[in-house]
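Remarks on the structure that follows.
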């Protein structure tokens with residue numbers, strides 16, 4: 035499956051890009067997280083969330099290939 039992953043904030047600084055296409059053979063968000071941690075070891079020291087189709091998803095969610103965003107921690111108010 036070909037997916038586009040968008041990176042924001044400090045995570046974009048680590049990857050040195052705002053987005054990239056990944057060709058993956060995975061089914062769950064947890065597997066995507068593993069792929070990203072292997073590709074970008076500095077992610078291991080960072081807290082981040084994964085959004086799919088503009089909604090934060092759990093690691094057990096099924097990867098649909100829709101819009102994927104890797105988000106740093108953020109504060110609301």
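In the numbering used here, the protein residues as written are 35 to 111.
From the three backbone atoms N, C-alpha and C, an ideal C-beta is built for every residue, glycine too.
| task | Just mark residue 89 as buried or exposed, buried being the case when its beta carbon has 16 or more other beta carbons within 10 Å. | result | As a working mapping, residue 89 is identified with position 55 in the chain shown. Exposed.
| Should residue 86 be labelled buried (16 or more other beta-carbon atoms within 10 Å of its own) or exposed? | For this step, residue 86 is matched to residue 52 along the chain shown. Looking at its Cβ environment, which holds 16 or more other Cβ atoms inside 10 Å, residue 86 is buried.
| Looking only at its own chain, which residues have a Cβ that is under 8 Å from the Cβ of residue 67, when we skip the five neighbours before and after it? | If you number the chain shown from 1, residue 67 lands on position 33. These residues qualify, in order along the chain: 84 and 93.
| request: Determine the closest residue to residue 82 out of 96, 97 and 102, with distance taken between C-alpha atoms. | output: Counting from 1 along the chain shown, the entry for residue 82 is found at position 48. Per the Cα distances, 102.
| message | Quick test of your reading: residue 48 and residue 74, contact by CB under 8 Å. State the CB separation rounded to the nearest angstrom. | response | For the purposes of this step, residue 48 is taken as the residue at position 14 of the chain shown. For the purposes of this step, residue 74 is taken as the residue at position 40 of the chain shown. The Cβ separation is near 6 Å, so the contact holds.
| Terminal residues of the continuous beta strand (DSSP E) containing residue 40? | As a first step, residue 40 must be located in the chain shown, where it is residue number 6. Residue 40 -> beta strand (DSSP E) spans 36-41.
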